[in-house]
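3 is the number of the first residue of the sequence shown in the numbering used here; add one for each residue after it. Quick reminder that beta carbons are idealized off the backbone N, C-alpha and C, glycines included. Report on the following structure.
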Amino acid sequence: MFSLLHKSTQPILSILSQAIRLLDSFRPALLVVGGFVMWYWLTAGRLMELLRRVVKVLLAVLALGVLAVAVALAVLALPYLLALLLRRVAIRAAVRRNAPRIPDCSLLTVKRLAVYNQYHGSMDFFLRQGGADEQALLSDEQWALIKRYLDDLRRMQQGLLSAACAERLEADLFRDCATVTTVIQLRRMSRVNYGLEGSGLLDRILLWLFPLKPSE
């Protein structure tokens, strides 16, 4: 019986013996790995802190280098940018000096529009009731010009003008009108005189910025 038990356990014992011999052959490596694991476990916090400091220093050095390069490029590009700026200013000044001057008599000033609006767009009423100063301020040509602009604006708001005609109308307005306020006055007068309710976003913004007075 003992011989049978010895025969059955002999393979297991031989396997264990070979495993022990194998481990014994790797004992130096296992000692080194175990020692490194123990050392890392004991000093892991210090290593991470040291690594964080090293990374911070590297990032700071990199940021300083980028800043130095940016400053150097800005200093090198400053004369070029100044030259471009001076050139642009010179071009604008030349354009202003050589811009075509429109005579004051051809401008639709706010005063002329106010006179036109005061007489509710009626040429007969203006001729009968208008004073001498108003007659001198708003000539027949001016009256006809304002009337034509109002008619064109009414047609544009009703969608009866093509895109090309609408663009030409806006160009004419800015050419003949003294200020943008004059264009706004024209839009307001066209709404009042023709009973048009502005429903677009631009009309709402204009009404909010420049509300109509009760007299208008």
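- Task: Give the straight-line distance between the Cα atoms of G67 and L53, rounded to the nearest whole angstrom.
- Result: One Cα belongs to G67, the other to L53, and the distance between them is close to 21 Å.
- Message: For A65 and Y82, I'd like the C-alpha separation in whole angstroms.
- Response: 26 Å
- Query: Are there 16 or more other CB atoms within 10 angstroms of the CB of V71, so buried, or fewer, so exposed?
  - Reply: exposed
- Query: In its own chain, which residues sit with a C-beta less than 8 Å from the C-beta of L139, not counting the 5 before and 5 after it?
  - Reply: Here the set comprises K113, R114 and V117.
- Quick check: the stretch 135–155 against the stretch 117–126, are there 3 or more CB pairs under 8 Å? Yes, the stretch 135–155 is in contact with the stretch 117–126.
- Rounded straight-line distance, which links the Cα of L69 to that of A92: Annotation: A92 to L69 spans about 33 Å, alpha carbon to alpha carbon.
- Message: According to DSSP, is T86 part of a helix, a strand, or is it coil?
- Response: Reading the sequence as shown, one finds Leu at residue 86 and not Thr. DSSP places L86 in helix when its eight states are reduced to three.
- Please name the residue or residues paired with R53 in a DSSP beta bridge. Checking the displayed sequence, the identity of residue 53 turns out to be Leu instead of Arg. Beta-bridge pairing links L53 to no other residue.
- Query: So is L75 buried or exposed if we call it buried at 16+ other beta carbons inside 10 Å?
  - Reply: exposed
- Query: Helix, strand or coil: how does DSSP classify L110 here?
  - Reply: L110 falls in the strand class under three-state DSSP.
- First through last residue of the alpha helix (DSSP H) which encompasses C179: Secondary structure note for C179: it is in no alpha helix (DSSP H), with a DSSP letter that is neither H nor E.
- Any idea if Q159 is buried or exposed, counting beta-carbon neighbours within 10 angstroms, 16 or more meaning buried? buried
- Message: Less than 7 Å between the beta carbons of V110 and D154, yes or no?
- Response: The question names Val, but residue 110 in the sequence shown is Leu. Not in contact: L110 and D154 (Cβ atoms no closer than 7 Å).
- Message: Taking the straight line between their C-alpha atoms, what separation do you get for R90 and L84?
- Response: Distance between the alpha carbons of R90 and L84: 10 Å.
- From which residue to which residue does the alpha helix (DSSP H) around L139 run? A134 to L139
- Item | Residue from R156, Y151, R55 and L162 with nearest C-alpha to A173 | Y151
- Exposed or buried, F176, counting other C-beta atoms within 10 Å across all chains shown (16 or more means buried)? exposed
- Closer than 6 Å: is that where the CB of S16 sits relative to any heavy atom of the ligand SAM? With respect to the ligand SAM, the structure offers nothing, as it holds no ligand at all.
- Item | Buried versus exposed, by CB contacts within 10 Å (16 or more), Q144 | Flag for Q144 reads buried.
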